[in-house]
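In what follows, a single structure is set out as structure tokens and then discussed.
Protein chains: 2
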Amino acid sequence: MAYTPRHMKWWGWGDEDAEFNPSAHPGFWPYAKEALEIERDDFRVREWNLESIELPEAFHDEKFVSRLRSFLDPGQISDDRKERVIHAYGKGFRDLFRLRRGLAAGAPDLVAYPKSERDVCLILRAAIERDVAVIPFGGGSNISGCLERMETGRMVVSLDMRRMRRVLEVDTRSFTARIEAGVFGPDLEAQLNAHGMTLGHFPDSFLHSTLGGWIATRSAGMQSDKYGKIEDMVVALRMVTPEGELATRTVPKSSNGIDIKHLCIGSEGTFGVITEATMRVHTRPQRRAVPGYLFPEFEAGIEAMRECVRQECMPAMVRLNDPDKTALSMAFRPPSSGVSKIAGSLFKGYLRARRFSLPRACLMLTAFEGSEAAVGRQMRQVQSIYRKCGSVSLGASAGKSFEASKYDFPHIRDFLLDHDVTTDVSETSTVWSNIVPLYNGTMTVLRDAIEKSGVCPWTGCHISHTYQSGASVYFTFGFRQHAGGEMDQYLKVKKAVQQSFIDHGATLSHHHAVGTEHLPWLADEISSLGVQTITAIKRSLDPTNVMNPGRLQPSQNAFEDWTNLANRTYPGSAVRGLRVDDLVARRRNHE
Amino acid sequence: MAYTPRHMKWWGWGDEDAEFNPSAHPGFWPYAKEALEIERDDFRVREWNLESIELPEAFHDEKFVSRLRSFLDPGQISDDRKERVIHAYGKGFRDLFRLRRGLAAGAPDLVAYPKSERDVCLILRAAIERDVAVIPFGGGSNISGCLERMETGRMVVSLDMRRMRRVLEVDTRSFTARIEAGVFGPDLEAQLNAHGMTLGHFPDSFLHSTLGGWIATRSAGMQSDKYGKIEDMVVALRMVTPEGELATRTVPKSSNGIDIKHLCIGSEGTFGVITEATMRVHTRPQRRAVPGYLFPEFEAGIEAMRECVRQECMPAMVRLNDPDKTALSMAFRPPSSGVSKIAGSLFKGYLRARRFSLPRACLMLTAFEGSEAAVGRQMRQVQSIYRKCGSVSLGASAGKSFEASKYDFPHIRDFLLDHDVTTDVSETSTVWSNIVPLYNGTMTVLRDAIEKSGVCPWTGCHISHTYQSGASVYFTFGFRQHAGGEMDQYLKVKKAVQQSFIDHGATLSHHHAVGTEHLPWLADEISSLGVQTITAIKRSLDPTNVMNPGRLQPSQNAFEDWTNLANRTYPGSAVRGLRVDDLVARRRNHE
Chain A
1 MAYTPRHMKW
11 WGWGDEDAEF
21 NPSAHPGFWP
31 YAKEALEIER
41 DDFRVREWNL
51 ESIELPEAFH
61 DEKFVSRLRS
71 FLDPGQISDD
81 RKERVIHAYG
91 KGFRDLFRLR
101 RGLAAGAPDL
111 VAYPKSERDV
121 CLILRAAIER
131 DVAVIPFGGG
141 SNISGCLERM
151 ETGRMVVSLD
161 MRRMRRVLEV
171 DTRSFTARIE
181 AGVFGPDLEA
191 QLNAHGMTLG
201 HFPDSFLHST
211 LGGWIATRSA
221 GMQSDKYGKI
231 EDMVVALRMV
241 TPEGELATRT
251 VPKSSNGIDI
261 KHLCIGSEGT
271 FGVITEATMR
281 VHTRPQRRAV
291 PGYLFPEFEA
301 GIEAMRECVR
311 QECMPAMVRL
321 NDPDKTALSM
331 AFRPPSSGVS
341 KIAGSLFKGY
351 LRARRFSLPR
361 ACLMLTAFEG
371 SEAAVGRQMR
381 QVQSIYRKCG
391 SVSLGASAGK
401 SFEASKYDFP
411 HIRDFLLDHD
421 VTTDVSETST
431 VWSNIVPLYN
441 GTMTVLRDAI
451 EKSGVCPWTG
461 CHISHTYQSG
471 ASVYFTFGFR
481 QHAGGEMDQY
491 LKVKKAVQQS
501 FIDHGATLSH
511 HHAVGTEHLP
521 WLADEISSLG
531 VQTITAIKRS
541 LDPTNVMNPG
551 RLQPSQNAFE
561 DWTNLANRTY
571 PGSAVRGLRV
581 DDLVARRRNH
591 E
Chain B
1 MAYTPRHMKW
11 WGWGDEDAEF
21 NPSAHPGFWP
31 YAKEALEIER
41 DDFRVREWNL
51 ESIELPEAFH
61 DEKFVSRLRS
71 FLDPGQISDD
81 RKERVIHAYG
91 KGFRDLFRLR
101 RGLAAGAPDL
111 VAYPKSERDV
121 CLILRAAIER
131 DVAVIPFGGG
141 SNISGCLERM
151 ETGRMVVSLD
161 MRRMRRVLEV
171 DTRSFTARIE
181 AGVFGPDLEA
191 QLNAHGMTLG
201 HFPDSFLHST
211 LGGWIATRSA
221 GMQSDKYGKI
231 EDMVVALRMV
241 TPEGELATRT
251 VPKSSNGIDI
261 KHLCIGSEGT
271 FGVITEATMR
281 VHTRPQRRAV
291 PGYLFPEFEA
301 GIEAMRECVR
311 QECMPAMVRL
321 NDPDKTALSM
331 AFRPPSSGVS
341 KIAGSLFKGY
351 LRARRFSLPR
361 ACLMLTAFEG
371 SEAAVGRQMR
381 QVQSIYRKCG
391 SVSLGASAGK
401 SFEASKYDFP
411 HIRDFLLDHD
421 VTTDVSETST
431 VWSNIVPLYN
441 GTMTVLRDAI
451 EKSGVCPWTG
461 CHISHTYQSG
471 ASVYFTFGFR
481 QHAGGEMDQY
491 LKVKKAVQQS
501 FIDHGATLSH
511 HHAVGTEHLP
521 WLADEISSLG
531 VQTITAIKRS
541 LDPTNVMNPG
551 RLQPSQNAFE
561 DWTNLANRTY
571 PGSAVRGLRV
581 DDLVARRRNH
591 E
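So the sequence lines, in the order shown, correspond to chains A and B.
Counting from 1, one number per residue, gives the positions in the first sequence under the numbering used here.
Counting from 1, one number per residue, gives the positions in the second sequence under the numbering used here.
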């Protein structure tokens, strides 16, 4: 049976038939209403009509298309409306907000599905000859704006990699697997599991993202504390560029000059197309446990994480919620049975007796993976550290609830969008000594920026992905939309939080990529000369600038471009001259 | 008191007053004589006379030197004969053989000792203005030819970094330290130890190499299994290039496009000068133990190493000698006392009873580091694995002997050079499934190449630096010199072993760098496009090619250049037209 590529719904996250079910989480909407000061319930149920989308007329280079037809099957090319809309954007707020308002300025003119590295080479050759831009596309789950076309005036083809999905070779003796780049998370794990192996890479987007996308954006899985970030897992790779192939050897470590792999990892499609990678894999763990803990305050939880580093007993995953994120988690839980309600109130009494202040309490989920013996031993050591930091064990139930819904969180964003609430996330990383200053400083900046737009902020934070020197710090925020100024409102908030990361010495993004969202700050992050060097590499590997143009190269007017791109209602905003908010307001008045 | 930079002796490894003491290792010379079929003992004791060295006249650009004098103290510049000779080469066979024959074609014209990043910037600016080439120099311990001047026709300055030796900042909460690049290993550890910290990087060259050199060449310390290779330890760095400064942020991990750090790590001085780095550091381990084990054969030891990876209990160091390297280690041991001699023969009896074939037995040294509890636990688990693979414990004595002499091995090479024996090492890495084929194949190639030159080969190998996917494989070889053709003989052997690495899918070098020695194979290793991209980066960061010219950029005639460079008797070999072997033969006849 032929493999049918599966796309996410164009108007939101996940499969078309999957969405957030408020009745399964009855506490959530009341919590959100209170937190966001929402006073109404009369939200219209939307019907998503593909035909209502204002899709730019496709730029059609007949010679390019007929060249493609000479070596691709008819099913490997499409300019179908739905395909173009799906490939227009990733899944950021900016992306979904525009699509849901019928705006698809980012859409490519054509989608091509290569089946082999040879297909990729030939498509690139044709693109160079006809000056067609190529945007590599994996699962389309990126939320930093890596997938939107940034320029007009020439044809753009989205190179959808999902038909290159085979695990080509598993070397169980060496714990390596050679894998095509377009494979999705679950498909990849199923193929590896057949050999008793796992990659150990489970990002929140796991169900809907691909190996090539992970590598091109420096993704992090939930268990990165144990298995590493994706860049730590790549043993060798191949990248097809307009100038030929970059390929490295399958060797564990080397001293062969600068590490060429790192010219490909994180390149966000702008130098070439990653076609395959040889990855470190692991025997599947005998046991996995995800107990929950409650800490009396955020700082105590952070101290516990750091102490695990110091004592060299880092679990596979630690995920510490701040008090607001803890409250959100509690509100998100499925309804309790009678018995567990009684147990719940007894537990609350116990917490009070231990002088826990519930509004300051922080949930910590911790995953242990390995042999029975190793998991048991590590749990004892970690729990001893946690206890010294004042924690209370919540047992396995918190973890079970997390495990059951860990890939579902992005659905909440769609649900809130349906209720005229903007939510987004901005994540960074910093060293241990800077986590609390960064957290406090950014929270202040974030809440101020939201309040300035005249609405009540909801903000939360969790710490995850710990390393020897620090951790990822992940902010989630939400607020009622300012009718008629939604995009402007969003941009101001997003700008404030990213600027705070830079001002506090943290990084632009820990695992979401630069894309368009973080581009204006790139020189702050890697120095002007760093940006200049990326441009030099780009010119060398892609002299005619066909590969995902505009990426990793901020212009002189980066902030202006940043705003303009978000407000573009048509490819080349000058064509229409209207900002997204204007257009949305106009449509609203006509409704 | 002013810090006085300490140089190694120009004619060999280590301090001027340190050398291999054969009477402390009475078994060594008899072993070497037998193994290498040496029949004489009438070797002349050499007196090393600096004045006998044929030092090329210094190329002196007066404007450049007076510019340097305008911002450097007089003590920061030298064109002294000894300084020039010391900075002419690293410590490879090619380097020492030539110096010992009075040939210093690689010598710079001047040595400058910057004290600050500002000094480095100003020196580079002056170099660009006057078209002077700059070769960064750390401890001078490199053995791959990273330090020799490759071109003539303009002035060359050696930029000796050792006065930039301060640990600038230790963040004990974040386990990071910001460190100037020119600090030597022992000096660095002393400064970190004062904060209770260690870098955990102990390469064989530890006493005589610098942080900047480690980063520029992708060094590996003996305990890399636990602490990582140097590239895994760099949190942030600064590199001064002719176009300005590349600088990255002090953050644990990021998704900020391609990782700019990796444009600096491994750049071998050809893009710029690494001036400082923020490194991951660790609390000093409570306990360190280095027990020894004997395995019945090489494959069993490899299997034990791999099983430690599979069971996720990798020690801090594992070092498995093949049978010949084991015999060498035994011959190298200090003389036994009467009691231990008796114990030794009892032990031999025990081994025979366990059906150990002594000529096939392999010594494995294993280091454990951490808390008392963790070391004890890990030792039990590792020993259980080792036992299942047939090992016999040698207790702590083998480890103690290793610990006592671990930095002394390079002295043996000098001793053997004194006895007209060429020795060298070539090391690589490969995946677990390829270690035995690589080992067998390379051993055959190596022995054949030596035998072809008409002498008896000594070859040995050890496996160290284990990773999830494989390990480093380290070959040591020695042979009697073919009088009158020493360099030619060496080059043929070296070429054969490097070609074997490439043919067997392994890497050019695991931690010794590309330099001049491995340059001809660079495109085999990282693809032609990889080399082309390095050239593009070089052009961007160093448009006038002042930084360590010729590095990481093989020419069209890379193999010819490789031979010519080794045979160069004067900067620009055409000046003299004699090969090293010719010149050496001529001198020998005049002696």
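We treat Cβ as the ideally placed atom computed from N, Cα and C, and that holds for glycine.
Every value quoted in this text rests on a predicted model; they were computed, and no experiment measured them.
In the DSSP assignment, find the beta strand (DSSP E) that holds residue i and state where it starts and stops.
{"i": "A/Leu363", "result": "Cys362 to Gly370"}
{"i": "B/Ser500", "result": "First-last for B/Ser500: Glu486 to Asp503, but that is the alpha helix (DSSP H), not the beta strand (DSSP E)."}
{"i": "B/Thr507", "result": "B/Thr507 -> no beta strand (DSSP E), and no H or E assigned at all."}
{"i": "A/Glu243", "result": "Segment: none, A/Glu243 is in no beta strand (DSSP E) and carries neither H nor E."}
{"i": "A/Asp225", "result": "Taken as a continuous stretch (DSSP letters only), A/Asp225 belongs to no beta strand (DSSP E), being part of the alpha helix (DSSP H) at Ser224 to Tyr227."}
{"i": "B/Leu168", "result": "Val167 to Asp171"}
Using a Cβ-Cβ distance cut-off of 8 Å, determine whether residue i contacts chain A.
{"i": "B/Lys229", "result": "yes"}
{"i": "B/Asp503", "result": "no"}
{"i": "B/Gln223", "result": "no"}
{"i": "B/Pro252", "result": "yes"}
{"i": "B/Asp561", "result": "no"}
{"i": "B/Ser429", "result": "yes"}
{"i": "B/His201", "result": "no"}
Using a 10 Å radius around the Cβ and a threshold of 16 neighbouring Cβ atoms, would you call residue i buried or exposed?
{"i": "B/Ala112", "result": "buried"}
{"i": "A/Asn557", "result": "exposed"}
{"i": "A/Gln286", "result": "exposed"}
{"i": "B/Lys452", "result": "exposed"}
{"i": "B/Lys91", "result": "buried"}
Does the beta carbon of residue i sit closer than 8 Å to a beta carbon anywhere in chain B?
{"i": "A/Ile86", "result": "no"}
{"i": "A/Asn545", "result": "no"}
{"i": "A/Gly441", "result": "no"}
{"i": "A/Gln556", "result": "no"}
{"i": "A/Gly185", "result": "no"}
{"i": "A/Gln378", "result": "no"}
{"i": "A/Met245", "result": "The sequence shown places Glu at residue 245 of chain A, rather than the Met named in the question. Yes, A/Glu245 lies at the interface with chain B (some Cβ there is under 8 Å from its Cβ)."}
Confirm, please, whether the CB-CB distance from residue j to residue i is below 8 Å.
{"i": "B/Asp581", "j": "B/Gly460", "result": "no"}
{"i": "A/Arg380", "j": "A/Pro296", "result": "no"}
{"i": "A/Ile302", "j": "A/Ile463", "result": "yes"}
{"i": "B/His511", "j": "A/Ser255", "result": "yes"}
{"i": "B/Met155", "j": "B/Pro136", "result": "no"}
{"i": "B/Phe298", "j": "B/Cys362", "result": "yes"}
{"i": "B/Ile450", "j": "B/Val493", "result": "yes"}
{"i": "A/Ala105", "j": "A/Arg84", "result": "no"}
{"i": "A/Phe368", "j": "A/Ala304", "result": "no"}
{"i": "B/Pro410", "j": "B/Asp204", "result": "yes"}
{"i": "A/Thr241", "j": "A/Phe206", "result": "no"}
{"i": "A/Glu245", "j": "B/Ser527", "result": "yes"}
Throw me the rounded Cβ distance for the residue i and residue j pair, which I believe falls under 8 Å.
{"i": "A/Thr250", "j": "B/Val431", "result": "6 Å"}
{"i": "B/Leu529", "j": "B/His518", "result": "Incorrect: roughly 19 Å between the Cβ atoms, too far for contact."}
Go to residue i, then tell me how far its alpha helix (DSSP H) extends in each direction, as first and last residue.
{"i": "B/Leu50", "result": "Segment: none, B/Leu50 is in no alpha helix (DSSP H) and carries neither H nor E."}
{"i": "A/His262", "result": "Lys261 to Cys264"}
{"i": "B/Ala566", "result": "Ala558 to Ala566"}
{"i": "A/Trp458", "result": "It is not in any alpha helix (DSSP H) - A/Trp458 instead sits in the beta strand (DSSP E) that spans Trp458 to Thr466."}
I'd like to confirm something about residue i: is its beta-carbon nearer than 7 Å to some heavy atom of the ligand NAD, or not?
{"i": "A/Asn440", "result": "With respect to small molecules bound, the structure shown includes none, and the ligand NAD cannot be examined in it."}
If we cut at 8 Å on Cβ distances, does residue i have a partner in chain D?
{"i": "A/Gly257", "result": "No chain D is present in this structure, whose protein chains are A and B."}
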